[in-house]
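Read the structure below first, then the notes.
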Amino acid sequence: MSGTAAQGYDVAIIGGGLHGLSAGLSIARAGRRVVVLERAWVGRHASSATAAGVRTLGRDLAEVPISLEAMDMWHRIERIVGDDCGFHSHGQTKVAEFETHMPQLREREATMRGLGYSHEEIIDAAELRRLVPTLSPHCVGALIARDDGAADPHRTIAAFRGACEAAGVAIVEGCGVEAVERRGADWLLRCGERAFTAPAVINAAGAWAGRAAALFGEQIELGVRASMMMVTERLAPFLGPVVGVVGRALSFKQSDQGTLVIGGGLQGAADLDRQRSTVNFVELAKGARASSELFPSVRGVRIARCWTGIEAQTRDHIPVIGASPDVPGLFHSFGYSGHGFQLVPVLGEIMRDLVMEGTTARSISAFAPARLMQGRRAA
Amino acid sequence: MSTVDLLIVGAGPAGMAAAVAARRHGLDVLVVDDQPAPGGQIWRSVETVAATARGGRLGESYLAGASRAAAFRACGASYDPSCQLWQIEPGYRAFVTSAGKARTVSAKAVILATGAQERPVPFPGWTLPGVLTVGAGQILLKTADQVPAKPVWIAGSGPLPLLYMTQLLAAGGKIAGFLDTTPRGRLKPALRHLPAALGKAGDLLKGLAWTLALKRSGVRTVKHVAEIEARGEGRLQTLRYRTDNGQWQETAAEVLLVHEGLVPSIHAPLALDCQVEWRAGQHCYAPVLDGWGETSQPGLFVAGDGAGIAGAIAAEHRGTLAGLAAAARLGKLPAAAAETEAAPARRALGRELAFRPFLDALYAPRPQVFAPPDETIVCRCEEVTAGTLRARAQIGRPGPNQVKAFTRAGMGPCQGRQCGYTVMNILAHAQERPVEALGFYRIRPPLKPVTLGELAALDQKDTAA
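From first to last, the protein sequence lines are chains A and B. Sequential numbering from 1 applies to the first sequence in my numbering. Sequential numbering from 1 applies to the second sequence in my numbering.
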């Protein structure tokens, strides 16, 4: 097949979500020519559908080291991308409604302390009341990570995009990769009439990452989630920390705009082929009920809009990060369902290390792609 | 959860006619409606008002609603007034709220008879208290016999301002002046459509009679007004306007009612992923429908002005057709019998629709409606100005959904009902693209705001410990 001459780059990134942009940013700043190929537009799916949590609290133990490094980066995010991304650090909490919920929180805190981590801390009812005065008085305590917080999704996307463009990353929107071919040392990526070549390709295609991997002949088991969110009308500021609850799917926070942003992983339905997802209100009613039981004063607050975001989820709920074990020049970075924005900045650096050095000093062995590949389970 | 054959949303001319037709063939019908009584916008409160002096002042076409409401009441459909529909899922499952509680209704077929809304007309100061729409003024007149104490200014174009002014004068109201925003030279292109419109000579005469009555009453009329501006501290105090070849004029004003035509309610069809098409003649989207009013989603119908602006009589015929089609689809009426029964409604609908191109050409919105000055607030919910949108329009040729993410325009509780078309037009103009190439906002549920407490009521199960 002939056609337009392919444009050549050092690195091609499939997917213009935040993880694709973050990788592109770090790699371009290290002097490589990078193109980000985005099927729709930057931040179209999970990146703009998220509550944009920045949370170390409750991370899988394998994720804690990179999560803490990422947290340091979030606290100086303005110096990294030129905007504070609307990031506020009012803490994230896991609230216990009943005494019976406290042992599991205490056990988690003990585990973390045993491993030398001190960012997760038990607080009693009085301290919880001080931090979250509007919380229903029946709650008895919580686990808190005080440095955690949340960002503004659209500001974050705009900031990463702007930083990428300033660093020379080519961002091509409306450009879905449909086929790949090997061309000598390069991969040729076809997007309709257009074509791009690069020796290294990063698969940051989110929920569609399994399909992107399949274009390279790689079979990676990947599930899909359609996590629902609801946002209310604006209210006067009354809540600082992000509130989660033991035993309920709830993540409850107030944004800079004053709206309540309520998520927590309740599931709608996703359609990967149509790139659409739908809200299931019977399911979402659980979130409304949890909200009004935890914060009785919000019962009369009007919901302005609800949506679902389509995200990739692995069987073990931790991401896929690393070079393909079989396909030369292919690197994966996806499966961040339920992770919010927290790992984004550090993953840029990890992907830069992997692409440019072939290795990274960070501990990422738990995220190896091979663990999800039939007959290729990692040892 | 309840289950019915047919759910009808809206109890205006279309919804009531649809219910009557479907009940005639034995369908189990539920009608839900925002309003406390049947009639929709055109026949609002007609059951209580028709017999009063106020009813007489509102005119014959208003009084005609009384017999329709009576027929609807008698048809045997279940009827939930003051009931808001806020979500429909394919299949169909509807979510409604009444008396502070949300509940679901399953239906084999659905007719959306949710009508139209007035086209939002952004201009500097349009969000000031004291500036309303003519439609809102007319509702106050119908439901409460409320006549503004002070003389009102009317600005706009189309049949509704004329009708409202005659109704207001009959009710003893005072009109400070009528700023007719119909651009110069509209009559000539409109006259091309006149032969087709002659079947509705009665309506043409009615429009003429309204105009003459206004002339006789001495209402001051300023023709060819191109731009208006409302000013004041905390509320409307000063009205400024400019004719197409004139200087700006300024006058004291306390109430200004504006109107630049109607657009179909498209949020529910869009939310259900129905195909829509751009209606260039009416400067809006309308759902793609077959001859019965069925959308691209089987079993989902749109009747009334939601199918495209055509007025109350057309709405009734469209309602009848959709009601018959629903009966046929659910096996209660053979296809041939449905065709026979539909024939009179089809003919009458044809006459109504033939009249529209004339009105559409005569009263097409002036170009300024789609190009408000930079300082104008376009998205009222999030207070986003035209200037902000224009600045964003140049960065990467964004569509409405991307601009929404950047600026928050369209994110508020009205779901873009106020700013949607204006945003499309501003982007199209800035990017030199045809407006229909832009597309509308993706609609995110709920269609109407529902409270956390109301939604919580749907979750009956005990909380997991």
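Cβ coordinates follow ideal geometry from the N, Cα and C atoms, glycine included.
| Check | Outcome |
| --- | --- |
| Per-residue contacts from residue 284 of chain A into chain B (C-beta, under 8 Å) | 455 |
| CB contact check: residue 406 of chain B to chain A, cutoff 8 Å | yes |
| Span of the beta strand (DSSP E), counted from its first residue to its last, around residue 66 of chain A | Segment 64-74 is the alpha helix (DSSP H) holding residue 66 of chain A; no beta strand (DSSP E) there. |
| Cβ of residue 99 of chain A within 8 Å of any chain B Cβ | no |
| Within-8 Å CB hit, residue 378 of chain B to chain A | no |
| Residue 378 of chain A versus residue 332 of chain A: straight-line alpha-carbon distance, rounded | At residue 378 of chain A the pLDDT is 47, less than 50, meaning the model places this residue with poor confidence and gives no usable figure here. |
| Nearest-angstrom Cα separation, counted from residue 351 of chain A out to residue 359 of chain A | 9 Å |
| Completely contained alpha helix (DSSP H) runs for the region 131-190 of chain A, where each covers 4 or more residues | 153-166 |
| Residues of its chain near residue 349 of chain A, where Cβ-Cβ distance is below 6 Å and the 5 sequence neighbours each way are ignored | 26 |
| Buried versus exposed, by CB contacts within 10 Å (16 or more), residue 265 of chain B | buried |
| CA-to-CA distance, residue 177 of chain B to residue 230 of chain B, given in whole angstroms | 15 Å |
| 8 Å contact criterion, which residue 179 of chain B and residue 228 of chain B should meet: CB distance rounded | 6 Å |
| Environment of residue 445 of chain B [buried if 16+ CB atoms lie within 10 Å] | buried |
| Chain A contact residues for residue 180 of chain B, given Cβ-Cβ distances below 8 Å | Near residue 180 of chain B there are no residues of chain A at all, since even the closest Cβ is about 37 Å away, more than 8 Å. |
| Beta carbon of residue 238 of chain B nearer than 8 Å to that of residue 253 of chain B | yes |
| Outcome for residue 91 of chain B when other beta-carbon atoms lying within 10 angstroms are tallied against a minimum of 16 | exposed |
| Within 8 Å, strictly: CB atoms of residue 89 of chain A and residue 43 of chain A | no |
| Backbone secondary structure at residue 322 of chain A - three-state DSSP | strand |
| contact_flag[the region 155-170 of chain B, the region 256-270 of chain B] where n(CB pairs < 8 Å) is 3 or more | yes |
| Opening and closing residue of the alpha helix (DSSP H) in which residue 138 of chain B lies | 134-144 |
| Cβ of residue 175 of chain A within 8 Å of any chain B Cβ | no |
| C-beta atoms of residue 53 of chain B and residue 320 of chain B nearer than 8 Å | no |
| Any chain A beta carbon closer than 8 Å to residue 85 of chain B | no |
| Within 8 Å, strictly: CB atoms of residue 226 of chain A and residue 277 of chain A | yes |
| For residue 306 of chain A, the residue or residues it bridges with in DSSP | A:230 |
| 8 Å Cβ cutoff, residue 18 of chain A in contact with chain B | no |
| DSSP bridge partner residues for residue 311 of chain A (one or two, in chain order) | A:225 |
| Length of the line joining the Cα atoms of residue 439 of chain B and residue 289 of chain B | 18 Å |
| Min CB distance residue 34 of chain B to chain A below 8 Å | no |
| Separation of residue 72 of chain A from residue 99 of chain B, as counted between CA atoms | 50 Å |
| Within 7 Å of chain A by C-beta, residues of the region 433-452 of chain B in sequence order | 444, 445, 446, 449, 450, 451, 452 |
| Buried or exposed by the 16-neighbour rule on C-beta atoms within 10 Å, applied to residue 313 of chain B | buried |
| Contacts around residue 93 of chain A, its chain only, beta-carbon distance under 6 Å, and the 5 residues preceding and following it disregarded | 142, 144, 241, 243 |
| Any chain A beta carbon closer than 8 Å to residue 465 of chain B | Note that residue 465 of chain B scores 35 on pLDDT, short of 50, meaning its location in the model is unreliable and no value can be drawn from it. |
| Neighbour flag for residue 282 of chain B against chain A, beta carbons, 8 Å | no |
| Contact set between residue 304 of chain A and chain B, taken where Cβ atoms lie within less than 7 Å | 412, 413, 449 |
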